[in-house]
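Novice:
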Amino acid sequence: MTMLRLAAATAALTFATGVAVAETWDMPTPYPDSTFHTVNIKHFAEDVKAATKGKLEIKVHSAGSLFKHPEIKNAVRGGQVPIGEFFISLLDNENAVFGVDAVPFLATDYAAAKKLWAAARPATEKLFDQQGISILFAVPWPPQGLYTKRAINSMDDLKGLKFRANNPAGTRLAELAGMVPTQIEVPDIPQAFATGRVDAMITSPSTGAESKSWDYLSHYYHTQAWVPKNVIVVNKRAFQRLDKDTQNAVQDAAKKAEERGWTMSMAETDAKLKILRDNKMSVNDPNAALKTGLEAIGEKMTAEWLKRAGAEGEAIVKAYRK
Ligand code: PCA
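Each residue of the sequence shown is one higher than the one before, counting from -5 in this note's numbering.
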C-alpha cells in the first residue's frame, strides 16, 4: 500500500468511527512567499492549525501558483477553493466600491486608510455576501510610489512611458498621464521590465524591493499616492460546514491577522526604502511639478469614481470625511 493510500484509508477509518476528520483548505494567493502579506497569511494558517489541533489545515499556494490572481475571487465564489486572497481594487470594474482604496490621493496614510476601510467595509461586505463570500480580514500595502528608469521632473517626463498597472485605477491613471498601461502581476514584474514590455510602475517600497527593482530601474519617488488593500475571503458555504469551534478559531485567527498585518505593513515603508537606497536607487520625494500634476489626476479620478459609485460611493466618502 502506498503512503497516499494508507493516509486515505486512515482518514476513512477515522471518519467511520466518528472521530473528527482533519480537513485541508487550499488557499490561492497572488504574491510571492517573501511578501509580508504572504508571511502574515502563513502565520494565520499556523494559528488556525494550532487552535483547532490540526482539524483545519490551510495550505497556502502563493504567487498565483494554484489560481492566477484575476481568477481567485471567482474560484472562492464558485467553491473551487474555500479561501483566497486578492487585491481588492482589482475588482474596480465589477463595482466601483471595490476600487475606493485605489483612488489616488483620497487616503494616503494609515490613519486615513483605516478610516476609509471602516467607511467602505459594510458596503463591501454586502456586495461579497451577494456572491456567497465573507471577508475574513483586510491588510493594506504601504503607500504607493513611482518607479522609473530616469529622473522625472514634470508630468511631461511621464508622457509615452510604458506603465505597469495592477488594477483598473492604475490603467486610468496611466491614460490620464499620457502613459501606455499594461496589466502585469507582481511575480511577472522583473521579466516584464527586463524584456522592455514596461518601463515605469507605481507600487509600494515592499513590491519594489521584493522585485529587485534596482536591476532594471533607477528612480523611486515617494508620492504616497494611495494605500490599497488585499482581502482574505472565504466561501460562505465552506465556512458554514465547519463546526462551531473551528469557525471561532478561524475568526479569532483572522482578527489577529488583521491587526498583525497592519502593524507589519507600517514597518515596511522605512525598512524597504532602506533596501532601495542600499541598492543605489535614487529615493526622493516628488518635486512640486510632479506632485501637483499627480494630485490633479487624483482629483479627476475622485470625481470619476464618485460618478461611477453613485449614492453608495457618496455615502462612503461622506462617512470617511466625517
Ligand atoms: N504591491 C502590489 C499591490 C500594491 C503593492 O504595493 C502590486 O504592485 O501589484
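Note that CB positions come from ideal geometry on N, CA and C, so glycine has one too. Please read these numbers as outputs of a predicted model, since none were measured by experiment.
(1) Which residues share a DSSP beta bridge with Leu276?
(2) Per the DSSP calculation, Asn229 is bridged to which residue(s)?
(3) Counting beta carbon pairs with one atom in the segment 247 to 265 and one in the segment 159 to 174, are three or more of them shorter than 8 angstroms?
(4) Mind listing, in chain order, the residues whose beta carbon lies closer than 5 angstroms to a non-hydrogen atom of the ligand PCA?
(5) Looking only at its chain, what residues have a beta carbon closer than 8 angstroms to the beta carbon of Leu232, apart from the 5 residues adjacent to it on each side?
(6) Can you have a look at Ala305 and say buried or exposed, based on whether 16 or more other CB atoms are within 10 angstroms of its CB?
(7) Near Tyr25, what residues of its chain come up, given a Cβ to Cβ distance below 6 angstroms and the 5 sequence neighbours on each side ignored?
(8) For the segment 228 to 242 and the segment 202 to 219, state whether three or more C-beta atom pairs, one from each stretch, are separated by less than 8 angstroms.
(9) To the nearest angstrom, report how far apart Gln245 and Lys285 are at their CA atoms.
(10) Which residue or residues does DSSP assign as beta-bridge partners of Arg158?
(11) For Gly126, which residues in the same chain have their Cβ closer than 7 angstroms to its Cβ, ignoring the five residues on either side in sequence?
(12) From Thr23 to Asp41, what does the alpha carbon distance come to, in whole angstroms?
(13) Taking 8 angstroms as the cut-off, decide whether the C-beta atoms of Ile196 and Gln138 are in contact.
(14) Taking the alpha helix (DSSP H) that Pro184 falls in, what are its first and last residues?
(15) Excluding five sequence neighbours on each side, which residues of the same chain lie with their C-beta closer than 7 angstroms to the C-beta of Ala16?
(16) How big is the Cα-Cα spacing for Ile344 and Gly154?
(17) Do Phe157 and Met173 have their C-beta atoms within less than 8 angstroms of each other?
(18) How about Ala117 and Val91: are their beta carbons less than 8 angstroms apart?
(19) Could you work out which residue in Pro280, Thr142, Met149 and Val192 is closest to His213 when comparing CA atoms only?
(20) Given a cut-off of 8 angstroms on the beta-carbon distance, is the pair Arg225 and Tyr104 in contact?
(21) What did DSSP end up calling Thr286 once you bin it into helix, strand or coil?
(22) With a floor of 4 residues, list each alpha helix (DSSP H) that falls wholly inside the segment 39 to 114, ordered by position along the chain.
(23) Which class does Leu270 belong to by DSSP, given the choice of helix, strand or coil?
(24) Identify the residues that DSSP records as bridge partners of Asn224: which are they?
(25) State the CB to CB distance for the pair Leu84 and His63, rounded to an integer number of angstroms; the pair is presumed to be in contact (CB under 8 angstroms).
(26) Based on Cα-Cα distance, which residue from Pro175, Pro134 and Lys206 lies nearest to Arg191?
(27) Using only CA atoms, which one of Pro134, Ala309, Gln218 and Lys274 lies nearest to Thr29?
(28) Pick out whichever of Leu110, Asn89, Gln177 and Ile291 has its Cα sitting closest to the Cα of Lys120.
(29) Report the rounded CA-to-CA distance for Asn273 versus Pro184, giving the unit in angstroms.
(30) With DSSP as the reference, identify every bridge partner of Thr18, one or two as the case may be.
(31) Taking Tyr210 as the reference, which of Lys250, Leu236 and Arg144 has the closest Cα?
(32) Would you list the one or two residues that DSSP bridges to Thr142?
(33) State buried or exposed for Glu293, treating a residue as buried only when at least 16 other CB atoms are found within 10 Å of its CB.
Specialist: Quick look at the numbers:
(1) One-based indexing of the sequence shown puts residue 276 at position 282. The question names Leu, but residue 276 in the sequence shown is Ser. Looking at the DSSP assignment, Ser276 forms a beta bridge with His213.
(2) Start at 1 with the first residue of the sequence shown, and residue 229 comes out as number 235. DSSP output for Asn229 lists Ile127 as bridge partner(s).
(3) no
(4) Trp135, Asn160, Val180, Thr197, Ser198 and Thr201
(5) The sequence position of residue 232 within the sequence shown is 238, counting from 1. For the record, residue 232 in the displayed sequence is Ala; it is not Leu. Once the five neighbours on either side are set aside, the close Cβ partners of Ala232 are Trp19, Gly73, Pro76 and Ile77.
(6) Locating residue 305 in the sequence shown gives position 311, where the first residue counts as 1. So Ala305 counts as exposed.
(7) For this step, residue 25 is matched to residue 31 along the sequence shown. Short of 6 angstroms from the beta carbon of Tyr25, and not among the five residues preceding or following it, lie these beta carbons of its own chain, in chain order: His31, Thr32 and Val180.
(8) no
(9) By one-based count along the sequence shown, residue 245 stands at place 251. By one-based count along the sequence shown, residue 285 stands at place 291. Approximately 41 angstroms between the Cα atoms of the pair.
(10) The residue given as residue 158 occupies position 164 in the sequence shown. Its beta-bridge partners are Thr176 and Met195.
(11) Taking the first residue of the sequence shown as position 1, residue 126 is located at position 132. Same-chain partners within the cutoff: Arg71, Asn229, Lys230 and Arg231.
(12) For the purposes of this step, residue 23 is taken as the residue at position 29 of the sequence shown. For the purposes of this step, residue 41 is taken as the residue at position 47 of the sequence shown. Near 18 angstroms, if we compare the C-alpha coordinates of Asp41 and Thr23.
(13) Position 202 of the sequence shown, counting from 1, holds the residue named residue 196. Position 144 of the sequence shown, counting from 1, holds the residue named residue 138. Yes; because the gap between Cβ atoms is below 8 angstroms, this pair is in contact.
(14) The residue given as residue 184 occupies position 190 in the sequence shown. Unbroken alpha helix (DSSP H) run through Pro184: Ile183 to Ala188.
(15) Translated into the one-based positions of the sequence shown, residue 16 becomes position 22. So the list reads Gly48, Lys49 and Glu51, once near-sequence residues are dropped.
(16) Residue 344 falls outside the range modelled here, since the chain spans only -5 to 316, and no answer is possible.
(17) By 1-based counting over the sequence shown, the position of residue 157 is 163. By 1-based counting over the sequence shown, the position of residue 173 is 179. Yes; because the gap between Cβ atoms is below 8 angstroms, this pair is in contact.
(18) In the sequence shown, the residue the question calls residue 117 occupies position 123. In the sequence shown, the residue the question calls residue 91 occupies position 97. A distance below 8 angstroms separates the beta carbons of Ala117 and Val91.
(19) The sequence position of residue 213 within the sequence shown is 219, counting from 1. It is Thr142 whose Cα lies nearest to the Cα of His213.
(20) Position 231 of the sequence shown, counting from 1, holds the residue named residue 225. Position 110 of the sequence shown, counting from 1, holds the residue named residue 104. In the sequence as presented, Arg is not what sits at residue 225; that position holds Val. The answer is no: Cβ separation not under 8 angstroms.
(21) Along the sequence shown, read from residue 1 onward, the residue named residue 286 stands at position 292. Thr286 falls in the helix class under three-state DSSP.
(22) 63 to 71
(23) Along the sequence shown, read from residue 1 onward, the residue named residue 270 stands at position 276. Leu270 falls in the helix class under three-state DSSP.
(24) Position 230 of the sequence shown, counted from the start, is the residue given in the question as residue 224. For Asn224, which the question treats as bridged, DSSP gives the partners Phe81 and Val133.
(25) Counting from 1 along the sequence shown, the entry for residue 84 is found at position 90. Counting from 1 along the sequence shown, the entry for residue 63 is found at position 69. Leu84 to His63, Cβ: 7 angstroms. Contact.
(26) In the sequence shown, counting from the first residue as 1, residue 191 sits at position 197. Nearest C-alpha to Arg191: Pro175.
(27) Counting from 1 along the sequence shown, the entry for residue 29 is found at position 35. Checking every option, the nearest Cα to that of Thr29 belongs to Pro134.
(28) Sequence index remark: in the sequence shown, residue 120 carries index 126 (1-based). Taking only the C-alpha atoms, the option nearest Lys120 is Asn89.
(29) Here residue 273 refers to the residue found at position 279 of the sequence shown. Here residue 184 refers to the residue found at position 190 of the sequence shown. Computed Cα separation, rounded: 16 angstroms.
(30) Working through the sequence shown from its first residue, we reach residue 18 at position 24. In the DSSP output, where bridge partners are listed per residue, Thr18 has Glu51.
(31) As a working mapping, residue 210 is identified with position 216 in the sequence shown. Comparing Cα-Cα distances from Tyr210 to each of Lys250, Leu236 and Arg144, the minimum goes to Arg144.
(32) Working through the sequence shown from its first residue, we reach residue 142 at position 148. According to DSSP, Thr142 bridges with His213.
(33) Locating residue 293 in the sequence shown gives position 299, counting from the first residue. Looking at its Cβ environment, which holds fewer than 16 other Cβ atoms inside 10 Å, Glu293 is exposed.
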